[in-house]
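Below is one structure, written out as structure tokens; comments come after it.
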Amino acid sequence: MTQDKTSAPDGVVRYVDGAKVLDYLPHAFNVKPSSRYYFWLMAPALIVLAAISIYPFFWLIWMSLHNVGSSAGETFAGLKNFEKLLTDDKFWNGWILLFQYSGFCMFFEIGIGVLLAVILNGNRFENVLVTIFLMPMMMAPAIAGLVWYYLFNSTFGWYHWLLQSLGILGETSIIGSTDTAMAGLIIVDIWQWTPLITLITLAGMKRVPRDQLEANMVDGASAFRNFVSITLPNIFPFLLIGIMLRFMDNFRFIDVILALTGGGPADSTNVLPVYLFDVSFRYFKLGRGAAIALTLLIVTIILGKLLVRVFEGPASKRTDMGS
Amino acid sequence: MFNKPKDAIYTSISRRRFLELGGGVASALGTGAIAVGLNSVMMRTPVQAASSPEAKMKQYAGSKLVFMSENTPPSFAIRDKIKDFYDATGITVEILTDDLPVVAQKVGIDMKSGKADFPLVYSQDKPIGAPFADYFADLSKFIKDDTLPQDPEGYGADVWFENFLDACGYMYTRDKLMAFPYDAAVALTFYRQDLFEKYSKDFEKEYKYRMEFTPKTTWKNVLDYTTFFKKLKQAGQDVPYGYAQHHGTFAWTTQLDIQRMMYAHGQWNDFKIDDRLGSQKPGPTNWGDAQSVEIMKRFKELADVSHPDNLANDTLQLNTVYQSGQIAMQVQYHEFAASVEDEQKSKAAGGKTAYAPCPLGEASWIKNGGKAVNGTNCGIGGISINKNASEDIQRAAFIFATHAVSKKVQYSVLTGLGGTPTRKSVLAEPDVVAARKRPSKMPNALTFEAVYDYGIKDPHFVLGPKIPENNEYFKIIHAETQKCVAGKQSPEEACKAIKKQTDNANDI
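Protein chains in written order, with our numbering: chain A, 28 to 350; chain B, 29 to 536.
Rendered as structure tokens:
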């Protein structure tokens, strides 16, 4: 079958196996819209974005430079709110705990999530099992926090009773000790969000080229080798999405922590977003809260960029190889 | 869109235009419905001083108010019987309830943003009243207004229990009355009398004095009792632990927990201020002095022999632990007696629990030269009116506020879900007097002797600090005390950390 194309005033003329075919295009479709046209198309979205995001952002900056407290009236504070953060032990402790919390959650969620995806991929019960695994993710985080609060409770909690019966726990509940409370939060996060990583990884595994896998196996590679050399590099872009989502969630979500420990006991789970919530909406020091929020925002952006760069390397290399 | 005769003289409406108009109307109606649904609505029939009492009550008939309150029995009971108020006034009141920290957040955001979505506010003295004092209306002007219905008993300090009006009604100045005492949570000791009787002889053999609870029982005795129960437990006996403290996630009750022990020893106070008024500039805190370090040390000693999950229990959870028979004593608020005496839910019910004042200070633990008292503290919940609301909404809200703190309603709440009266006259009712003895139809009344006849009287009663930074101050105490209890820092370090952070919060 041969094709040849020439343009005509009202469209495109094609010749398919010698037969003339005219694809008619209306005149308007050929006119390149002006930039003003695109601007008006985007205007509603820009207005909404400005209202819900840009305006509050500048308002946040304004508040960070003022004393805004529970009593009436605001006064200009300059950089005092930021200066106070330098000597605020809870602020720095919050950062350390946040990195611990986020790091452990991501490590286990990626590890278990990918493992589950490998097990589920191509399994005859894949659809049923994926549906079951996704259930925790469908639960509102605040509800998940309450459910686990009751499960961990030393007076009537079923998990506590089970772990105590097995001799793993004593009479102190997992969230009642400064040594184990963080582990309790991490368990809940892993339970709820590992399915997301599994789902994303599964989607990536469906796109791994079979020819590469088969060629590698013909060359005598083991299943493990196949996974490391072929599957893993191919799913890097998908993992990047999962890691970015979870990383930013961990820096934002405080529902479970507030329901389970409220940052305690003894500040052992007082990660920075929880401290930010306390400062802003419990102490009503909105100026200081705004300063903390800005630092959190800046660090999140920087870390996000770094993550993209780290994962972009292998992902783009793989794309280059493929092309 | 629609059929149009050929000779029609009117302009037809296109489908697109019809949909645009329909969408606009629907949006406007939706927005309006949301606004009306969430906010208060005002209808007014003007009255004069000479108008009948009924006309004064009905002057805002058809209006709607929203009351944001804590999830405590008085609010549940008033909500259950809200029809009585509607019948008398024609005003609809929606009562929303939540945990106290959530109430503080919601009303704080509402008032700070200049709005009045909650014209009626539950203003507990320290977590809500002290930080947001600027935003509450002055009730004095309504009390003097003869076009509004007034309570026949009045609102003077003498009609309420000692210091209750000061606790929630006045913040930093007596020029403005910002709340009426609505409910009260006063601390006292709940203890398992059956267990005390059972083990008294064994205890006496070892400690050479009787295991009992009286107003003379000291914190040192509590430490001994708790140690004794722990030894029995470790010996494999089927007994509960002796005691547990208030920790968990409720910062303000941890502060109250250690404050009453501090006050019992030499009447130690957090700041050098008059607690009845509080202060917006409290100056340096007393934390870090010899007395505070000594009591922090004892607080940790008590924690070491208490229930092993001590740090996980907030005030509500602590009561559940007591109800489930896991501890033999708790210092708890008198509103919890109703749940402890509930035979369906409590292993401590059926006459097993007895009530006593908070423990007395131990003379040998006093370092500041003061006297030993039964340090008793409280949370006095006020009902206040949001100053951002319009004058008419404030007036309508006042009608509800006076209803909510009336003798009739307080008596009704006490006989229903178990209230905590703030008006003296309620306790004089014959039913209430009879209910102080078992079998009681009003379980909370079993605590009245320890609370109203003893605990709230001078010199035992401590109101606690009223400062704008209260919520941060409570959180500081909560975290540093828990670090000490968990063995992460010494009592000296804990007290110094509290002082440093508190003074910093107060811009010292």
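Virtual Cβ for every residue (Gly too), placed ideally from N, Cα, C.
The beta carbon of A:E110 sits no closer than 8 Å to any beta carbon of chain B. B:V149 sits close to B:V135, with the two beta carbons spaced by under 8 Å. Taking all protein chains shown into account, B:S418 has fewer than 16 neighbouring C-beta atoms within 10 Å of its C-beta and is therefore exposed.
Within the model, the alpha-carbon separation for B:P487 versus B:L305 is close to 17 Å. One alpha carbon belongs to B:E329, the other to B:W393, and they sit about 13 Å apart. Of all C-beta pairs linking the segment 323–337 of chain B to the segment 420–433 of chain B, fewer than three are shorter than 8 Å, placing the two stretches out of contact.
Within chain A, no residue has its CB atom less than 9 Å from the CB of B:T450, the nearest being about 25 Å off. Out of B:F256, B:T509, B:L223, the CA that lies nearest to the CA of B:K236 is found in B:F256.
With contact defined as three or more Cβ pairs closer than 8 Å, the segment 247–254 of chain A and the segment 278–286 of chain A are not in contact. Between the segment 455–473 of chain B and the segment 487–498 of chain B there are fewer than three inter-stretch CB-CB distances shorter than 8 Å, so the stretches are not counted as touching.
The CB of A:A99 comes closer than 8 Å to the CB of D162, Y163 in chain B, given here in chain order. Close to A:Y64, with beta-carbon spacing below 7 Å, lies no residue of chain B; the smallest spacing is near 20 Å. Note on B:R466: under 16 other CB atoms within 10 angstroms of its CB, so exposed under the neighbour-count rule. Under the Cβ distance rule, A:P292 counts among the residues neighbouring chain B, one pair being separated by less than 8 Å. Think of a sphere of 7 Å around the beta carbon of B:P159: the chain A residues whose beta carbon falls inside it are S97, F311, in chain order.
Taking CB atoms only, A:E198 has a neighbour in chain B less than 8 Å away. By DSSP's assignment, A:G247 forms no beta bridge with any residue. A Cβ-Cβ distance of about 4 Å is found for the pair A:G290 and A:V301, placing them in contact under the 8 Å criterion. Legend: CB atoms of the segment 337–348 of chain B lying less than 9 Å from CB atoms of chain A belong to residues D337, N338, L339, A340, N341, D342, Q345, T348. Straight-line spacing of the CA atoms in B:N416 and B:K143 works out to 6 Å. According to the DSSP assignment, A:R273 belongs to no beta strand (DSSP E) but to the alpha helix (DSSP H) extending over 259–279.
Separation of A:M90 and A:A318 (C-alpha to C-alpha, rounded to the nearest whole angstrom) is 8 Å. Look at the segment 93–106 of chain B: it has no residue with a C-beta under 7 Å from a C-beta of chain A. Taking a Cβ-Cβ threshold of 8 Å, the residues of chain A close to B:P496 are G96, S97, S98, in chain order.
At a cut-off of 4 residues, the continuous stretches assigned as alpha helix (DSSP H) that sit fully inside the segment 151–177 of chain B are 168–171.
A:I214: member of the alpha helix (DSSP H) spanning 208–232, first to last residue. Boundaries around B:A432 are those of the alpha helix (DSSP H), 419–432, since no beta strand (DSSP E) includes it.
Within the same chain, and ignoring the five residues on either side of B:D332 in sequence, no residue has its Cβ closer than 7 Å to its Cβ. As DSSP reads the structure, B:T404 sits in a beta bridge with B:F489. For A:F278, no Cβ of chain B is located within less than 8 Å of the residue's own Cβ. In summary, the residues of the segment 171–199 of chain A whose CB is separated from some CB of chain B by less than 8 Å are N180, S181, T182, F183, G197, E198, T199, in the order they occur in the chain. Taking 8 Å as the cut-off, the beta carbon of B:D531 is found closer than this to the beta carbon of B:T313. Interface flag for A:I227 against chain B is unset, since no Cβ pair is found closer than 8 Å. Around the beta carbon of A:D206, fewer than 16 other beta carbons lie within 10 angstroms, which makes this residue exposed.
Comparing C-alpha distances from A:V335 to each of A:D44, A:T296, A:L266 shows the shortest one belongs to A:L266.
Taking 8 Å as the cut-off, the Cβ atoms of B:T246 and B:P385 do not count as close.
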